[in-house]
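The next block holds one structure in the form of structure tokens; read it before the comments.
Number of protein chains: 2
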Amino acid sequence: MTSEKRGRPRRSSTRALEEAAAELFLEQGYSHTTVDDIASRAGVSRATFFNYFHNKSDVLWVDVDRALVYLSQSVMEASHLGRALELLAHDVAPQAVPLIASQFEAMEADLDLRGDGGQRVIQLAAIVAQAGVSPRDVWMVTGALVSAALEWSGAGVSRAALGNYLGEHLERIRSVVDAGSAASLF
Amino acid sequence: MTSEKRGRPRRSSTRALEEAAAELFLEQGYSHTTVDDIASRAGVSRATFFNYFHNKSDVLWVDVDRALVYLSQSVMEASHLGRALELLAHDVAPQAVPLIASQFEAMEADLDLRGDGGQRVIQLAAIVAQAGVSPRDVWMVTGALVSAALEWSGAGVSRAALGNYLGEHLERIRSVVDAGSAASLF
DNA sequence: CTATTTATTATACTGCGTCTAAATATTAGG
DNA sequence: CCTAATATTTAGACGCAGTATAATAAATAG
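Residue numbers (the working numbering), protein chains in the order written: chain A, 19 to 204; chain B, 19 to 204.
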């Protein structure tokens, strides 16, 4: 995905494949949709799909993964999780709820997708740890963040900004985390 | 897996397959070991492997899964997460650290196994929710439990009983959870 | 000895993910 | 214009996971 000016132009895009996949998942369910189906609908070959995504399920988690990458980089630079989260929340529009969150059950793939979700939770925990939160607090903080994200995505169209939920849930654990963790969080 | 007295006797066992798999994973790494390899070493056919496990990775998580099933049933009966955890901890010997926990990096399968771990975390969260912990506390409690389990399994051979770690980590969040959650926890 | 029960096994199939090599479409520069 | 360099698409083959089915084998009950 270098895409300067030279070379054969792209025939598709992450977005296009995302949309094709979303359509099919809603029509036929996740497990009954093959990668071939997605590629076909997007007008490219199966091989090309894998130029854009590592695997079938990633197509659903694109937004979440982008957020995690952003957060990870942001933490590396700022070394302050609280600030990194503010930056992230600021960049996420209230409408931009990941597809996976808004239309989970419609895709009838609970079991298939549970593992993928858990993978992201673990990744988040790794970022929290990287941010300098003390080991014994890592999972408590991670839990608070997951909680906030779920409440945010679960709230209807009238949801507030993501930052509000994050702030609220972190505030609740402020009094019980180590001093070191607090320093990185608030 | 009914196994009364009638019918053809079993040629293998979960344990035997577990051990065969563990050997191979340590020898060759997780991703370079096929289900065929495992079955062969255990002296059965590939098809038989799937009579004992749902999939390749489950073989590493048997102990964790057993604990989760136990916990889930226990919660259904007692409707009290705290008590269910005590019962669980009481039944788990200090040496019985799941294979996956003790020999994680030796298997060179970080990425492959991360998803499986996350899956269990999500399952745990579901049990916590089922136990009547209030929704906004579910992930905080889950985080505390994961934290405890990791500290327990990460401690050397001199580790204390699992119950100690669980109690300690839950105690830390006691002051910040809802009254309803506390009722189910303590 | 036969019927019943349970487990093992062979076999075939779908689909994911990987890899390689070839084909295609574009730009840069002589 | 033509050629080289570059970037992307694509076909095709492969290994392996996981599912399903039907046949076979080994035990017990009566």
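We treat Cβ as the ideally placed atom computed from N, Cα and C, and that holds for glycine.
Residue span of the alpha helix (DSSP H) that contains residue 171 of chain B, given as start and end:
153-172
Please list, in chain order, all residues of the same chain as residue 49 of chain A whose beta carbon is under 7 Å from its beta carbon, the five residues on each side excluded.
127, 130
Let's test the definition: count the other Cβ atoms within 10 Å of the Cβ of residue 91 of chain B and tell me whether it reaches 16, buried, or not, exposed.
exposed
Cα-Cα separation, residue 154 of chain A to residue 36 of chain A
38 Å
Give me the Cα-Cα distance between residue 125 of chain A and residue 53 of chain A, rounded to the nearest whole angstrom.
15 Å
What do you reckon, are the CB atoms on residue 57 of chain B and residue 66 of chain B nearer than 8 Å?
yes
Against chain B, does residue 114 of chain A count as a neighbour if the rule is that its beta carbon must be under 8 Å from one of theirs?
no
Nearest neighbour of residue 81 of chain B, chosen from B/99, B/109, B/156 [CA to CA]
B/109
Residue 200 of chain B and residue 190 of chain B look like a contact to me (Cβ under 8 Å); what is the Cβ gap, rounded to whole Å?
Not a contact, Cβ separation roughly 13 Å.
Under 8 Å between the Cβ atoms of residue 187 of chain B and residue 152 of chain B?
no
Between residue 46 of chain A and residue 28 of chain A, what straight-line distance do the alpha-carbon atoms span, to the nearest angstrom?
28 Å
Reference residue 139 of chain A; option with closest CA among B/145, B/157, B/106:
B/157
At a CB-CB cut-off below 8 Å, which residues of chain B make contact with residue 148 of chain A?
By Cβ distance, chain B contributes nothing, its closest Cβ being about 15 Å from residue 148 of chain A, past 8 Å.
In the DSSP assignment, the alpha helix (DSSP H) including residue 108 of chain B goes from what residue to what residue?
99-109
Suppose contacts are defined by Cβ-Cβ distances below 8 Å. Is residue 99 of chain B in contact with residue 146 of chain B by that definition?
yes
Cβ-based neighbour list, residue 103 of chain B, same chain, cut-off 6 Å, excluding 5 preceding and 5 following
184
Compare the C-beta of residue 119 of chain A against all C-beta atoms of chain B and say whether one is closer than 8 Å.
no
Pull up the distance between the alpha-carbon of residue 72 of chain B and that of residue 26 of chain B, whole angstroms please.
21 Å
Run down chain A in chain order and give the residues with a C-beta less than 7 Å from the C-beta of residue 125 of chain B.
The contacting residues do not exist; residue 125 of chain B stays about 16 Å from chain A at best.
Local conformation of residue 73 of chain A per DSSP, three classes
coil
Out of curiosity, what's the CA-to-CA distance linking residue 178 of chain B and residue 74 of chain A?
43 Å
Under 8 Å, do residue 134 of chain B and residue 135 of chain A count as touching if we go by C-beta distance?
no
Using the beta-carbon count (16 or more within 10 Å), is residue 115 of chain A buried or exposed?
buried
Backbone CA spacing between residue 137 of chain A and residue 144 of chain B [nearest angstrom]:
16 Å
At what residues does the alpha helix (DSSP H) containing residue 187 of chain B begin and finish?
180-191
List the residues of chain A whose Cβ lies closer than 9 Å to the Cβ of residue 174 of chain B, in chain order.
The contacting residues do not exist; residue 174 of chain B stays about 16 Å from chain A at best.
Anything in chain A within Cβ reach of residue 193 of chain B, meaning under 9 Å, just list it in chain order.
193, 194
Any beta carbon of chain B sitting closer than 8 Å to that of residue 162 of chain A?
yes
Can you say whether residue 123 of chain B is buried or exposed, counting buried as having 16 or more other CB atoms within 10 angstroms of its CB?
exposed
Buried or exposed: residue 161 of chain B, going by 16 or more other Cβ atoms within 10 Å of its Cβ?
buried
Does chain B have any CB closer than 8 Å to the CB of residue 94 of chain A?
no
Do we get a CB-CB distance below 8 Å when we pair residue 49 of chain B with the residues of chain A?
no
Using only CA atoms, which one of B/94, B/31, B/89 lies nearest to residue 63 of chain B?
B/31
Could you list which residues in chain B have their beta carbon closer than 7 Å to that of residue 132 of chain A, in chain order?
137, 140
Under 8 Å between C-beta atoms, does residue 90 of chain A make it to chain B?
no
Measuring alpha carbon to alpha carbon, tell me which residue in B/77, B/69, B/196 is nearest residue 39 of chain B.
B/77
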